[in-house]
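Beneath this line is the structure, given in structure tokens, with notes to follow.
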Amino acid sequence: MRWSNLFVPTLRDAPGDAEAPSHKLLLRGGFARQLHSGHYSMLPLGWRVHQKISEIIRLHMDAMGAQEFHLPAMHPARIWKQSGRWDVMGDEMFRLQDRKGSDLALGMTHEEVFATHGVEISSYKDLPQQWYQIQLKFRDEPRPKSGLLRVREFYMKDAYSFDIDEAGLDKSFDAYHDAYVQIFKHLSLPAVPVEASSGAMGGSGSNEFMVPSDAGEDDVVMCADCGYAANVERATSALAEVSDDAPPAAPEIFDTPDVRTIKALAEFDGGAAADRQIKTMVMVADDEVVLALVRGDHGLNEQKLSDGLRSATLRPASADEAQKALGALPGSLGAVGVDGIRIVADLALQGRTNMTTGANIDDKHYRGVDLARDVAVTEWLDLRTVTAGEPCVNCGTALEIIRCIEAGHIFKLGRKYAEAMGMSVLDENGDKRVPIMGSYGIGVGRAMAAIIETHHDDNGVIWPVAVAPFEVSVILVSLRDDAAVAAGEDLYTQLRQRGIDVVLDDRDARAGVKFADTELTGIPWRITVGPKGVAAGMVELTSRATGETVEVALADVVDQVAATIEAARIPDGADPIYR
RNA sequence: CGGGCUGUGGCGCAGCUUGGCUAGCGCACCUGCUUUGGGAGCAGGGGGUCGUGAGUUCGAAUCUCACCAGCCCGACCA
0 MRWSNLFVPT
10 LRDAPGDAEA
20 PSHKLLLRGG
30 FARQLHSGHY
40 SMLPLGWRVH
50 QKISEIIRLH
60 MDAMGAQEFH
70 LPAMHPARIW
80 KQSGRWDVMG
90 DEMFRLQDRK
100 GSDLALGMTH
110 EEVFATHGVE
120 ISSYKDLPQQ
130 WYQIQLKFRD
140 EPRPKSGLLR
150 VREFYMKDAY
160 SFDIDEAGLD
170 KSFDAYHDAY
180 VQIFKHLSLP
190 AVPVEASSGA
200 MGGSGSNEFM
210 VPSDAGEDDV
220 VMCADCGYAA
230 NVERATSALA
240 EVSDDAPPAA
250 PEIFDTPDVR
260 TIKALAEFDG
270 GAAADRQIKT
280 MVMVADDEVV
290 LALVRGDHGL
300 NEQKLSDGLR
310 SATLRPASAD
320 EAQKALGALP
330 GSLGAVGVDG
340 IRIVADLALQ
350 GRTNMTTGAN
360 IDDKHYRGVD
370 LARDVAVTEW
380 LDLRTVTAGE
390 PCVNCGTALE
400 IIRCIEAGHI
410 FKLGRKYAEA
420 MGMSVLDENG
430 DKRVPIMGSY
440 GIGVGRAMAA
450 IIETHHDDNG
460 VIWPVAVAPF
470 EVSVILVSLR
480 DDAAVAAGED
490 LYTQLRQRGI
500 DVVLDDRDAR
510 AGVKFADTEL
520 TGIPWRITVG
530 PKGVAAGMVE
540 LTSRATGETV
550 EVALADVVDQ
560 VAATIEAARI
570 PDGADPIYR
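As numbered in numbering that gives the first Met the number 0, residues 0 to 578 make up the first sequence, in order.
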């Protein structure tokens, strides 16, 4: 490709509303442009990167025996109604009607469609199956943000496994886990597999592949010592034992005028330290009022509560709803003596006694509360949010909390969708069995943004060779020197013949402009062809990553660059894969 | 959904408080000359009607209201 023919609208200044480094560089480097909130156009350079990422994912999927499909992005409402998710997905699903008034949806995921086709699998002999596609997903995100990191329309590689039994699913899951490790190595993304909540999709085992980055949206609890890593929505920690004094025979009520918060009660004369209080939160899970109890100094993790309750939706109750349920306004709420409402309590409260909590009478609290004696806990669950510095459950080391980008997610789905869509096979005994599914996703555009987040400097992107829009740029320093131009053209031709992805910067522009654009767009290698050098039979070779420049003989540079690039196409530590 | 902020040529911004000539500046763009290894210099030039609509006024980018769009924070601590 000749740069003079390319459309690469680089910008000296990033648009003011771009915040994340990847967002700024995607715009500045001429990779992408926003059409409207959450929808980006990929410009030629960006699309080249996107395609290379897709191709790497495809390579590894194919290598593990998965088969590529291409499914419709637009779905009939029928299949979503059949799985029950037409209602569950709520506002996050784009919906429309055709001219006949039929309800349609833009696919936000493809369990239903794949399972629909899975109906044609009829024998255990045809299992397992590994199916995947790279397809657009549409999600009506409440808040698109950070360039390509959170958008409403994006390419995702989604794969689905079908197995006859749990043992098979475990094997499939492990195979994807291994493939994902390889894919992220191949993409030079430092993705860490962490334990995760399986959320609204349902299912059991679940791992996310997390790339540490300030631009991320997930908090991951990590132990630097033993390697424990889990999403805060799932993470646990060890807590110091707390010993309580014996409680009185019955809870004592006392006046707490204007005390509305844990902090105020801790400071109140006759109150209690935060870790001696029970925090009572009124939540609404799928229209049912539920009380969630955690220790006063702990935070409720809504995802944990939602997972524990197996609810599709969860929200805090309004003050009105709280008053209706318990008779008092927030600030004086408690679960003592509450009957007829589901009460879930955090494990850290188990066995605690002599605690203080709201009395369900405005401006009054109880002290001397014994959880086992005074509160009719329906279920004990892990509900609290782990905070930094708490001891690791495995080794006791202080845990860290690290902001991450979720680059991939794999999980065991179970039989829900296979069953709903009517899948079944006959086993070796001739008995009908519903296959068990797994689901495995990687966001392509998000991976691209994550690579930029982890590979850039003040001058622009530093693409790993494997995904770079071009592997090397040959820069003609001056178009007025015939010998130098001829030498550059010759290098360009030779490199193309060697199968190197090369761009010839033949623009009639100053050298500084070309250098800056090559750096901004992150091309890993630069060959500078200038009149003086060519006269002496030399060119310069510059590494984008290190900035290092060496002089190389014109006659040797093609061999040297080609060898370097060919070696770098698969990063150190990644397995070479052949189709 | 709640809170904060912003919409002025392709990009970055000023002007708005204290309404008033043809709405400015930098970058980019076009022409010419010079320059030519780190985002060139000089000269000339093109492009915006100020997010949209209504209102106030002799007069609105500027004041008022509504709407639309975009960005950031939060989505929970009883």
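Ideal Cβ placement from N, Cα and C applies to all residues, glycine included. Only a predicted model underlies this, so the values are computations on that prediction, with no experimental measurement involved.
Requested in this report: Give the DSSP bridge partners of residue 31, in chain order.
Outcome: Your numbering for residue 31 matches position 32 in the first sequence. DSSP output for residue 31 lists 41 as bridge partner(s).
Query raised in the report: Anyone know if the C-beta pair for residue 552 and residue 536 falls short of 8 angstroms?
Result: Mapped onto the first sequence, residue 552 falls at position 553. Mapped onto the first sequence, residue 536 falls at position 537. Contact: yes.
Query raised in the report: In the region 430-476, which residue ranges form an unbroken alpha helix (DSSP H) of at least 4 residues, counting only runs that do not cross its ends?
Result: 443-453
Query - Proximal residues to residue 449 (C-beta, below 7 angstroms), its chain only, five neighbours per side dropped - result: Translated into the one-based positions of the first sequence, residue 449 becomes position 450. For residue 449, where only same-chain residues beyond five positions count, the Cβ hits under 7 angstroms are 188, 210, 212, 404, 406.
Query raised in the report: Are the beta-carbon atoms of residue 359 and residue 333 separated by less than 8 angstroms?
Result: As a first step, residue 359 is located in the first sequence; it is residue number 360 there, counting from the start. As a first step, residue 333 is located in the first sequence; it is residue number 334 there, counting from the start. A contact, by the Cβ cut-off of 8 angstroms.
Report task. State the DSSP-derived secondary structure class of residue 278, mapped to helix, strand or coil. Result -> On the first sequence, position 279 is the one that residue 278 refers to. Residue 278 falls in the strand class under three-state DSSP.
Report task. With a cut-off of 8 angstroms on the beta carbons, I'd call residue 345 and residue 297 a contact; round off their distance for me. Result -> What you label residue 345 is simply residue 346 of the first sequence in a count that begins at 1. What you label residue 297 is simply residue 298 of the first sequence in a count that begins at 1. At roughly 7 angstroms, the Cβ-Cβ gap stays under 8 angstroms, so residue 345 and residue 297 are in contact.
Query raised in the report: Helix, strand or coil: how does DSSP classify residue 240 here?
Result: Counted from its first residue, the first sequence places residue 240 at position 241. Correct three-state label for residue 240: coil.
Query raised in the report: How close, in whole Å, do the beta carbons of residue 27 and residue 9 come, if the pair is a contact with beta carbons under 8 angstroms?
Result: What you label residue 27 is simply residue 28 of the first sequence in a count that begins at 1. What you label residue 9 is simply residue 10 of the first sequence in a count that begins at 1. So it is a contact: roughly 6 angstroms between Cβ atoms.
Requested in this report: In angstroms with no decimal places, state the Cα-to-Cα distance between residue 300 and residue 528.
Outcome: For this step, residue 300 is matched to residue 301 along the first sequence. For this step, residue 528 is matched to residue 529 along the first sequence. Cα to Cα, the separation comes out at about 59 angstroms.
Query - Pick from 160, 335, 156, 150 that is closest to residue 127, judged by C-alpha positions - result: Locating residue 127 in the first sequence gives position 128, where the first residue counts as 1. Considering only alpha carbons, the answer is 160.
Query raised in the report: Where does residue 167 fall in DSSP's three states?
Result: Translated into the one-based positions of the first sequence, residue 167 becomes position 168. It is helical.
Report task. Counting only the same chain and skipping the five closest in sequence on each side, list residues whose C-beta sits under 8 angstroms from that of residue 261. Result -> As a first step, residue 261 must be located in the first sequence, where it is residue number 262. Answer for residue 261: 273, 276, 278, 295, 296, listed in chain order.
Query raised in the report: If you count every other CB in all the chains shown that lies within 10 Å of the CB of residue 291, and 16 or more means buried, which is it?
Result: Residue numbering aside, residue 291 sits at position 292 when the first sequence is read from its first letter. Buried, because 16 or more other Cβ atoms sit within 10 Å of the Cβ of residue 291.
Query raised in the report: What is the DSSP secondary structure of residue 101, counted as helix, strand or coil?
Result: Along the first sequence, one-based indexing puts residue 101 at 102. Secondary structure at residue 101: coil, using DSSP grouped into helix, strand and coil.
Report task. Answer yes if the region 368-388 comes into contact with the region 170-180, meaning at least three C-beta pairs across the two stretches below 8 angstroms, and no otherwise. Result -> no
Requested in this report: Starting from the C-beta of residue 381, find all residues in its chain whose C-beta is less than 8 angstroms away, skip the five residues before and the five after it, and write them out in chain order.
Outcome: As a first step, residue 381 is located in the first sequence; it is residue number 382 there, counting from the start. Counting only Cβ-Cβ distances below 8 angstroms, and skipping sequence neighbours, we find 235, 303, 307, 345, 346.
Report task. Figure out for me which residue from 220, 365, 497 has the closest Cα to the Cα of residue 247. Result -> Your numbering for residue 247 matches position 248 in the first sequence. Answer by Cα proximity: 365.
Query raised in the report: residue 109 lies in the beta strand (DSSP E); which residues open and close that run?
Result: Taking the first residue of the first sequence as 1, we reach residue 109 at position 110. Premise fails: residue 109 is in no beta strand (DSSP E) and is neither H nor E.
Report task. Could you tell me which of 156, 143, 130, 193 sits nearest to residue 162, measuring between CA atoms? Result -> The residue you call residue 162 lines up with position 163 of the first sequence. Residue 130 is the option with its Cα nearest to residue 162.
Query - Validate contact between the region 474-494 and the region 441-457 using beta carbons, cut 8 angstroms, 3 pairs - result: no
Report task. Determine the burial state of residue 132: buried for a count of at least 16 other Cβ atoms within 10 Å of its Cβ, exposed for fewer. Result -> Taking the first sequence and counting its residues from 1, the one referred to as residue 132 is at position 133. Counting Cβ neighbours within 10 Å, residue 132 comes out buried, since at least 16 surround it.
Query - DSSP beta-bridge partners of residue 134 - result: In the first sequence, residue 134 corresponds to position 135, counting from 1. Note: residue 134 sits in a beta bridge opposite 155.
**Report entry** According to DSSP, residues forming a beta bridge with residue 192
**Finding:** Looking up residue 192 in the first sequence gives position 193. Note: residue 192 sits in a beta bridge opposite 208.
Report task. May I ask you to list the residues that DSSP assigns as paired with residue 313? Result -> Sequence index remark: in the first sequence, residue 313 carries index 314 (1-based). BP columns for residue 313 point to 284.
Query raised in the report: Can you tell me where the alpha helix (DSSP H) with residue 561 in it begins and where it stops?
Result: Against the first sequence, residue 561 aligns to sequence position 562. Taken as a continuous stretch (DSSP letters only), the alpha helix (DSSP H) holding residue 561 covers 556-567.
Query - Distance, residue 437 Cα to residue 431 Cα - result: Position 432 of the first sequence, counted from the first residue, corresponds to residue 431. Position 438 of the first sequence, counted from the first residue, corresponds to residue 437. Taking the straight line from one Cα to the other gives about 20 angstroms.
Requested in this report: Could you tell me whether the Cβ atoms of residue 424 and residue 122 are closer together than 8 angstroms?
Outcome: Numbered from its first residue, the first sequence carries residue 424 at position 425. Numbered from its first residue, the first sequence carries residue 122 at position 123. In this structure, residue 122 lies closer than 8 angstroms to residue 424 by Cβ.
Query raised in the report: Among all the DSSP beta bridges, which residues are the ones paired with residue 230?
Result: Here residue 230 is taken as the residue at index 231 of the first sequence, counted from 1. In the DSSP output, where bridge partners are listed per residue, residue 230 has 219.
Requested in this report: Starting from residue 404, follow the beta strand (DSSP E) in both directions and report where the run begins and ends.
Outcome: Translated into positions along the first sequence, residue 404 becomes position 405. From DSSP, the beta strand (DSSP E) with residue 404 extends over 399-413.
Query - Check whether residue 469 and residue 501 have beta carbons under 8 angstroms apart - result: As a working note, residue 469 is residue 470 in the first sequence. As a working note, residue 501 is residue 502 in the first sequence. The answer is yes: Cβ separation under 8 angstroms.
Report task. Kindly indicate the opening and closing residues of the alpha helix (DSSP H) around residue 120. Result -> As a position in the first sequence, residue 120 is number 121, starting the count at 1. That residue, residue 120, is in no alpha helix (DSSP H); it is neither H nor E in DSSP.
Query raised in the report: Run through DSSP, which three-state label would residue 73 get?
Result: As a position in the first sequence, residue 73 is number 74, starting the count at 1. If DSSP states are grouped into helix, strand and coil, residue 73 belongs with the strands.
**Report entry** Neighbourhood of residue 97 by C-beta, 7 angstroms cutoff - its chain only, sequence neighbours within 5 removed
**Finding:** Numbered from 1 along the first sequence, position 98 holds the residue referred to as residue 97. Contacts found: 103.
**Report entry** Cβ-Cβ separation, residue 522 to residue 25 (assumed contact under 8 angstroms), whole Å
**Finding:** Within the first sequence, the letter at position 26 stands for residue 25. Within the first sequence, the letter at position 523 stands for residue 522. The Cβ separation is near 15 angstroms, so there is no contact.
Query - Close-in-space but distant-in-sequence residues of the same chain around residue 5 (CB under 8 angstroms, 5 per side omitted) - result: Against the first sequence, residue 5 aligns to sequence position 6. 43, 44, 502.
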